[in-house]
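Student: Have a look at this one.
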Amino acid sequence: MLQPKKVKYRKQQKGKMRGKAWRGSELAFGDYGLKVVECGYITDRQIEASRIAMTRYIKRGGKVWLRIFPDKPITKKPAEVRMGSGKGALDHWVAVVRPGKLLFEMEGVPVEIAKEAMRLASNKLPLRTVFVQRPNIKAIDPKASAAA
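For the sequence shown, the numbering used here puts the final residue at 149, and the numbers step up evenly by one.
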């Protein structure tokens, strides 16, 4: 699973998720993207599950970029433990996303395949998402790319 190699502090406070994403909200690498429209946490397992769903659908064509990384630790106390006695142990890692943040980018596949791959990926995520694409993109002919 995705997680940082090294962190300065093992545990973090919850924090607030206010406002919209003002960084990472425009396509930078690919021609298509999956943009989140509500704020929340996306776990390392959800990111990996959606990435696998996408790459399996597009098979060997195209390239996929992850635009988020789970860098926030979430702690949890064991079951049936009384309150108090400190913060719980590290349970998993999450990526904090705000509305407008791009989660994935993709290129090198036709728009229909990209839409379906992003739909399969969004089914694995707990937040509502929308498909976005570059306005000046040329249509890729699947027969021409298969012959090449």
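We put the beta carbon where it would ideally sit given N, CA and C, even for glycine.
Could you please give the first and the last residue of the uninterrupted beta strand (DSSP E) stretch that includes TYR10?
Tutor: Start at 1 with the first residue of the sequence shown, and residue 10 comes out as number 9. No beta strand (DSSP E) contains TYR10, which DSSP labels as neither H nor E.
Student: Which residue's Cα is closest to the Cα of CYS40: PRO136, PRO71 and GLY101?
Tutor: As a first step, residue 40 must be located in the sequence shown, where it is residue number 39. Comparing Cα positions, the closest option is GLY101.
Student: Can you pull the DSSP bridge partners for GLN134?
Tutor: Numbered from its first residue, the sequence shown carries residue 134 at position 133. Bridge partners of GLN134: TYR33.
Student: Using the Cα positions of ILE114 and GLY63, report the straight-line distance between them to the nearest angstrom.
Tutor: Position 113 of the sequence shown, counted from the start, is the residue given in the question as residue 114. Position 62 of the sequence shown, counted from the start, is the residue given in the question as residue 63. Near 10 Å, if we compare the C-alpha coordinates of GLY63 and ILE114.
Student: Relative to the alpha-carbon of SER86, which residue among HIS93, ASP92, LYS77 and TRP94 has its alpha-carbon at the smallest distance?
Tutor: Looking up residue 86 in the sequence shown gives position 85. Comparing Cα positions, the closest option is LYS77.
Student: Using alpha carbons as the reference points, say which of HIS93, TYR42, ASP92 and GLY89 lies closest to ARG129.
Tutor: The residue labelled residue 129 in the question sits at position 128 within the sequence shown. With distances taken between Cα atoms, ARG129 lies closest to TYR42.
Student: Let me confirm a value: GLN47 is counted as buried when at least 16 other C-beta atoms fall within 10 Å, else exposed. Which label applies?
Tutor: Here residue 47 corresponds to residue number 46 of the sequence shown, with the count starting at 1. Result: buried.
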